[in-house]
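Chemist: Sharing a structure with you now.
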Amino acid sequence: MPADARQMRAIRLLGWTLGSLIGAVALLIAGFFLAAWAGSSIPRNGGWSETETGIPIMVESNGVHTGIVMPIATPVKDWRETFPSTAQPMRSGMRPTHISVGWGDREVYRTVATWGDLKPATALRIATRGGPAVMRVATYYRPSEDTNHRWLILREQEYARLVARIEAGLPPIANPEDRISLTSFDPRARIYDAAGRYTPFYTCNQWVADALAAAGVEMGQWTPLAGGVMKWIPQGEAQP
17 MPADARQMRA IRLLGWTLGS LIGAVALLIA GFFLAAWAGS SIPRNGGWSE TETGIPIMVE
77 SNGVHTGIVM PIATPVKDWR ETFPSTAQPM RSGMRPTHIS VGWGDREVYR TVATWGDLKP
137 ATALRIATRG GPAVMRVATY YRPSEDTNHR WLILREQEYA RLVARIEAGL PPIANPEDRI
197 SLTSFDPRAR IYDAAGRYTP FYTCNQWVAD ALAAAGVEMG QWTPLAGGVM KWIPQGEAQP
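Below is the structure:
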């Protein structure tokens, strides 16, 4: 076979191989999003409805991460006892009225505020082996509702189950005041070591969905994406 023919054949083979790899990756990505849509559409706790009086919580999203916003102190739980950073005044000087708790990959919660901040190397690591988990804890003063911040009112026993689920995700420690916190991409937030490991199949959004489902809230079965959580939380009137 002439050298030019062999070269052209090698080029065609390389092109076919690259095309096949790109096609396979595209199929995997499309399959993931399709499975995420399907899994998030299968309900848990079907028929649940919120109560008219109880403990208001909020589910929030920035399009990538979701979190659970709760009163900083109620008769059920004072979060300042668990997360020492929440006892401090906010940057505005106000004392926080609510905390937001999320769970996810340590590096992501420290550096990735939006999809544009996600480095290829970080995405590859998460896709192949995941990473150690942390809890992101932020503080708010009288948060208000909008499209990405939606209130739910839980019964006291439901809220107690939610609290228990969140606390179960923290490593045991004799004195909560000894918990070490690190900075986050959000200057309002700190992050704490958490149990578990973040993977593409168990994400920050799945953790939020599981916590809400443990409380009894109607929620999808598999919700790796933020939209899969938020579609179960109706937008209603803001709580005081």
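In this note's numbering, the protein residues as written are 17 to 256. All C-beta atoms in this analysis are idealised placements derived from N, C-alpha and C, irrespective of residue type, glycine included.
(1) Run through DSSP, which three-state label would A254 get?
(2) Going by DSSP in three states, V85 sits in which element: helix, strand or coil?
(3) May I have the straight-line CA-CA distance separating N78 from N164, to the nearest angstrom?
(4) Around the C-beta of E172, are 16 or more other C-beta atoms found within 10 angstroms, so that it is buried, or is it exposed?
(5) Using 9 Å as the threshold, is the C-beta distance between D202 and R122 below it?
(6) List the endpoints of the continuous beta strand (DSSP E) containing L168.
(7) Entirely within the stretch 177-214 and at least 3 residues each: give me those beta strand (DSSP E) ranges in chain order.
(8) So within the stretch 68-143, which uninterrupted alpha helix (DSSP H) runs reach at least 4 residues, ignoring any that extend past its ends?
(9) Kindly indicate which three-state DSSP category Y218 falls into: helix, strand or coil?
(10) Nearest to R204 by alpha carbon, out of R111, D162, T239, A54?
(11) For T261, which residues in the same chain have their Cβ closer than 6 Å to its Cβ, ignoring the five residues on either side in sequence?
(12) Put V224 into one of helix, strand or coil per three-state DSSP.
(13) From what residue to what residue does the alpha helix (DSSP H) around V245 run?
(14) For A52 and S108, I'd like the C-alpha separation in whole angstroms.
Modeler: On the basis of the data shown:
(1) Because A254 sits at a pLDDT of 49, beneath the cut-off of 50, its placement in the model cannot be relied upon, and the following sentence gives the value as read from the coordinates. Reduced to three states, the DSSP call for A254 is coil.
(2) Strand.
(3) Counting only the Cα atoms, N164 lies some 7 Å from N78.
(4) By the 10 Å Cβ count, E172 comes out exposed.
(5) Not in contact: D202 and R122 (Cβ atoms no closer than 9 Å).
(6) First-last of the beta strand (DSSP E) with L168: 165-170.
(7) Fully enclosed beta strand (DSSP E) runs of 3 or longer: 197-199, 205-214.
(8) Fully enclosed alpha helix (DSSP H) runs of 4 or longer: 122-127.
(9) Taken through DSSP and simplified to helix, strand or coil, Y218 comes out as strand.
(10) The shortest C-alpha separation from R204 is found at R111.
(11) Here the chain has residues from 17 to 256 only, and residue 261 is not among them.
(12) Of the three classes helix, strand and coil, the one that applies to V224 here is helix, per DSSP.
(13) First-last of the alpha helix (DSSP H) with V245: 242-246.
(14) Answer to the nearest angstrom: the Cα atoms are 39 Å apart.
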